[in-house]
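Enquirer: Protein chains in written order, with the working numbering: chain A, 1 to 232; chain B, 1001 to 1296.
Beta carbons are placed, not taken as given, at the ideal position from N, Cα and C, and that holds for glycine.
So that we are looking at the same thing, I have put the structure below in structure tokens.
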């Protein structure tokens, strides 16, 4: 056997290569800013035109976080789905592709957290409520939320890549069962024994820790699934 | 010559259906290899296994002495371009080339741009809106300009018209001479690629039924044509790979003829010419696929 003509790059170089491929269309980074600007303007115009849109306290309530959650879920889904086969064909391993994409998602999460807090500082609105100020907790909450959203998209797309439609049907079937079971459990005697998890009983720090743990579990699950997915 | 790919007793099954069945082969560094076979013979599955895109059911694959599965060091030396490769929804050719430039260490951007012009790929149109032939050309451009030490091309040129395919074969050969590397081409258009290939593997029903140097293969059989009676008399004692009778005329593909045999048959009024690669392979694939044919 001959030696390798091209020597292996470092882990950071390999992951950065995937980030580069992910954003080969820079428009994917610009588009949310365009949409957020449009939403901001539309919200402002509607508030100005219609008194009904202005809250009682007179504050403009524009929160791009909700839009970003949906946008990031979709783009993460599209990134994993569309670039998986291309990346593998271009000599990239599944692990490098998956973790390189997650690095991209993490960087985007940090960027959009900064954008959201900047907007919140101007509008005074954060998740539809009054903004409490730029702080580490709010910053971390946004990053955890955005990474968690993208990790959910990555892991569900990994299910599709590995098992196709049967995998998705099983996954969503199971999810539907859980969603049906939870309210039933909540009103049952057993449910009354469980600790209540809601915003009133959890501190922001606890929410961040739980959110991070969920995101980490989703990331690991996604990796375990995608590392044996075939290329269709 | 050193081996860069070694496959030993490789099998891939899908829910009882065996796509690749106990395949063993070796590919040496710097050569153009053909993986030939009919549609559904197992070519794509075998290539996917070698590229680490599929996981083997049993058997071993070694690329540069290691398994290619999840091996970044090995995969960095490999490009695997398939006809059915789908690019990101909103990619234009420029995005594909930019991604390839990031991915491949030996990427030649000037060469890629010249190929885009040569194959007349529209630069402003989305890749998903390209015609099948143009999409094939995108794969060809990436496969050639990547200059990956191991380049696996799974019929990416199949959607191209005959003229474009001829361009591709010419460019491939010229570029290979300037930048030698290991190229594995799969195709069922055997005659078109016959002059390119140094070695062929023929796969049928998941099994390698022919593993031969192209030159050895070309000299191994001849086509003999003439009246049925005289052909029957002449070919007695030779291995007949294929036989076809039309009216009073008969045409056979016979293996094992020496130069003096050919001269004797020609003097008896029979037409004798070397069998083409396609004739040989069609003959072989018509044989019992459990028999692997060895060509000296």
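#1: Using only alpha-carbon positions, find the residue among B/1230, B/1221, B/1135, B/1074 that is nearest to residue 1238 of chain B.
#2: Buried or exposed: residue 1020 of chain B, going by 16 or more other Cβ atoms within 10 Å of its Cβ?
#3: Give the straight-line distance between the Cα atoms of residue 159 of chain A and residue 175 of chain A, rounded to the nearest whole angstrom.
#4: How far does the beta strand (DSSP E) with residue 1058 of chain B in it reach, from first residue to last?
#5: Extract the residue ranges of the beta strand (DSSP E) inside the segment 1146-1225 of chain B, only unbroken runs of 3 or more that lie entirely within it.
#6: Which residues of chain A have a Cβ atom closer than 8 Å to the Cβ of residue 1098 of chain B, listed in chain order?
#7: Should the segment 161-180 of chain A be regarded as contacting the segment 1005-1018 of chain B, the criterion being three or more beta carbon pairs within less than 8 Å?
#8: Spatial neighbours of residue 10 of chain A within its chain, please: C-beta separation below 8 Å, excluding the five flanking residues on both sides.
#9: Tell me the rounded alpha-carbon separation between residue 218 of chain A and residue 212 of chain A.
#10: Residue 1034 of chain B bridges to which residues according to DSSP?
#11: Would you please verify whether the beta carbon of residue 91 of chain A is less than 7 Å from any beta carbon of chain B?
#12: What does DSSP give as the partner residue(s) for residue 1081 of chain B in the beta ladder?
#13: From residue 110 of chain A to residue 146 of chain A, what does the alpha carbon distance come to, in whole angstroms?
#14: Could you name the residues of the segment 1135-1156 of chain B whose beta carbon sits closer than 7 Å to any beta carbon of chain A, in the order they occur along the chain?
#15: Under a Cβ-count criterion, where at least 16 other Cβ atoms within 10 Å of its own Cβ denotes burial, should residue 1191 of chain B be classed as buried or exposed?
#16: Check residue 1132 of chain B in the structure and name its three-state DSSP category.
#17: Tell me the residue span of the alpha helix (DSSP H) that contains residue 1251 of chain B.
#18: On the three-state DSSP scale, how would you describe residue 7 of chain A?
#19: Grouping DSSP H, G and I as helix and E and B as strand, with all else coil, what is residue 1260 of chain B?
#20: In angstroms with no decimal places, state the Cα-to-Cα distance between residue 150 of chain A and residue 102 of chain A.
#21: With respect to the alpha helix (DSSP H) encompassing residue 1106 of chain B, which residues constitute its N-terminal and C-terminal limits?
#22: Whose C-beta lies closer than 7 Å to the C-beta of residue 75 of chain A among residues of the same chain, with five residues either side of it excluded?
#23: Using DSSP with H/G/I as helix, E/B as strand and the rest coil, what is residue 1239 of chain B?
#24: Can you tell me whether residue 1043 of chain B is buried or exposed? The criterion is at least 16 other CB atoms within 10 Å of its CB, across all chains shown.
#25: On the CB-based measure, 16 or more other CB atoms within 10 Å of its CB, does residue 52 of chain A come out buried or exposed?
#26: Determine the extent of the beta strand (DSSP E) in which residue 1010 of chain B is found, giving its start and end residues.
#27: Name the chain B residues that come within less than 7 Å of residue 162 of chain A, Cβ to Cβ?
#28: If you reduce the DSSP assignment to three classes, tell me which class residue 125 of chain A lands in.
#29: Can you list, in chain order, the residues of its chain with a C-beta nearer than 8 Å to that of residue 23 of chain A? Leave out the 5 residues immediately preceding and following it.
#30: Can you round the beta-carbon distance between residue 231 of chain A and residue 1101 of chain B to whole angstroms, since I take them to be within the 8 Å contact cut?
#31: Within the 7 Å Cβ cut-off, does residue 233 of chain A reach chain B?
#32: Using the C-alpha atoms, what's the distance from residue 1265 of chain B back to residue 7 of chain A?
#33: Determine the burial state of residue 180 of chain A: buried for a count of at least 16 other Cβ atoms within 10 Å of its Cβ, exposed for fewer.
#34: Give a yes or no on whether 7 Å exceeds the smallest Cβ distance from residue 1088 of chain B to chain A.
#35: Chain A partners of residue 1053 of chain B, CB-CB under 9 Å?
Expert: Straight from the coordinates:
#1: As a position in the second chain, residue 1238 of chain B is number 238, starting the count at 1. Comparing Cα positions, the closest option is B/1221.
#2: Position 20 of the second chain, counted from the start, is the residue given in the question as residue 1020 of chain B. Looking at its Cβ environment, which holds 16 or more other Cβ atoms inside 10 Å, residue 1020 of chain B is buried.
#3: Position 159 of the first chain, counted from the start, is the residue given in the question as residue 159 of chain A. Position 175 of the first chain, counted from the start, is the residue given in the question as residue 175 of chain A. Their backbone Cα atoms lie some 13 Å apart in a straight line.
#4: Position 58 of the second chain holds residue 1058 of chain B. Run containing residue 1058 of chain B: 1058-1063, per the beta strand (DSSP E) assignment.
#5: 1150-1154, 1182-1187, 1199-1204, 1207-1213
#6: Here the question's residue 1098 of chain B lines up with position 98 in the second chain. Per Cβ cutoff of 8 Å: 24.
#7: Touching, no.
#8: For the purposes of this step, residue 10 of chain A is taken as residue 10 along the first chain, with counting starting at 1. Hits under 8 Å: none found.
#9: In the first chain, the residue the question calls residue 218 of chain A occupies position 218. In the first chain, the residue the question calls residue 212 of chain A occupies position 212. The straight-line gap from Cα to Cα measures roughly 10 Å.
#10: Taking the first residue of the second chain as 1, we reach residue 1034 of chain B at position 34. Looking at the DSSP assignment, residue 1034 of chain B forms a beta bridge with B/1185, B/1200.
#11: In the first chain, the residue the question calls residue 91 of chain A occupies position 91. Closer than 7 Å: yes.
#12: Here residue 1081 of chain B is taken as the residue at index 81 of the second chain, counted from 1. Bridge partners of residue 1081 of chain B: B/1153.
#13: One-based indexing of the first chain puts residue 110 of chain A at position 110. One-based indexing of the first chain puts residue 146 of chain A at position 146. Roughly 9 Å separates the two Cα atoms.
#14: 1148, 1149
#15: In the second chain, counting from the first residue as 1, residue 1191 of chain B sits at position 191. Classification of residue 1191 of chain B: exposed, given that the 10 Å Cβ count is below 16.
#16: The residue labelled residue 1132 of chain B in the question sits at position 132 within the second chain. Three-state DSSP puts residue 1132 of chain B in a helix.
#17: Residue mapping note: residue 1251 of chain B aligns to position 251 of the second chain, counting from 1. It is not in any alpha helix (DSSP H) - residue 1251 of chain B instead sits in the beta strand (DSSP E) that spans 1249-1255.
#18: Stepping through the first chain from its first residue, residue 7 of chain A is reached at position 7. Three-state DSSP puts residue 7 of chain A in coil, outside helix and strand.
#19: To locate residue 1260 of chain B, count along the second chain from 1; it is residue 260. Three-state DSSP puts residue 1260 of chain B in a helix.
#20: To locate residue 150 of chain A, count along the first chain from 1; it is residue 150. To locate residue 102 of chain A, count along the first chain from 1; it is residue 102. Each residue's alpha carbon lies about 8 Å from the other.
#21: Translated into positions along the second chain, residue 1106 of chain B becomes position 106. Looking at the DSSP string, residue 1106 of chain B is not in any alpha helix (DSSP H), and its letter there is neither H nor E.
#22: Translated into positions along the first chain, residue 75 of chain A becomes position 75. If we look at residue 75 of chain A and ignore the five residues flanking it on each side, its Cβ neighbours are 28.
#23: Here residue 1239 of chain B refers to the residue found at position 239 when the second chain is read from its first residue. Three-state result, residue 1239 of chain B: strand.
#24: The residue given as residue 1043 of chain B occupies position 43 in the second chain. By the 10 Å Cβ count, residue 1043 of chain B comes out buried.
#25: On the first chain, position 52 is the one that residue 52 of chain A refers to. Here residue 52 of chain A scores only 48 on pLDDT, less than 50, and its place in the model should not be relied on; the value that follows carries that caveat. The residue is exposed, with fewer than 16 neighbouring Cβ atoms inside 10 Å.
#26: Your numbering for residue 1010 of chain B matches position 10 in the second chain. Segment 1003-1014, the beta strand (DSSP E) holding residue 1010 of chain B.
#27: Along the first chain, read from residue 1 onward, the residue named residue 162 of chain A stands at position 162. Those within 7 Å of residue 162 of chain A in chain B number zero; the least Cβ separation is about 11 Å.
#28: Within the first chain, numbered from 1, the residue matching residue 125 of chain A stands at position 125. DSSP places residue 125 of chain A in strand when its eight states are reduced to three.
#29: Here residue 23 of chain A refers to the residue found at position 23 of the first chain. Excluding sequence neighbours, residue 23 of chain A sits near 29, 104.
#30: Here residue 231 of chain A is taken as the residue at index 231 of the first chain, counted from 1. Here residue 1101 of chain B is taken as the residue at index 101 of the second chain, counted from 1. Your pair residue 231 of chain A and residue 1101 of chain B does not check out as a contact, with CB atoms roughly 21 Å apart and the cut at 8 Å.
#31: Limits of chain A in this structure are 1 at one end and 232 at the other, which puts residue 233 of chain A out of reach.
#32: Working through the first chain from its first residue, we reach residue 7 of chain A at position 7. Working through the second chain from its first residue, we reach residue 1265 of chain B at position 265. Distance between the alpha carbons of residue 7 of chain A and residue 1265 of chain B: 57 Å.
#33: Position 180 of the first chain holds residue 180 of chain A. Classification of residue 180 of chain A: exposed, given that the 10 Å Cβ count is below 16.
#34: Looking up residue 1088 of chain B in the second chain gives position 88. So yes, residue 1088 of chain B belongs to the interface.
#35: For the purposes of this step, residue 1053 of chain B is taken as the residue at position 53 of the second chain. Result: 85, 88, 89, 230, 231.
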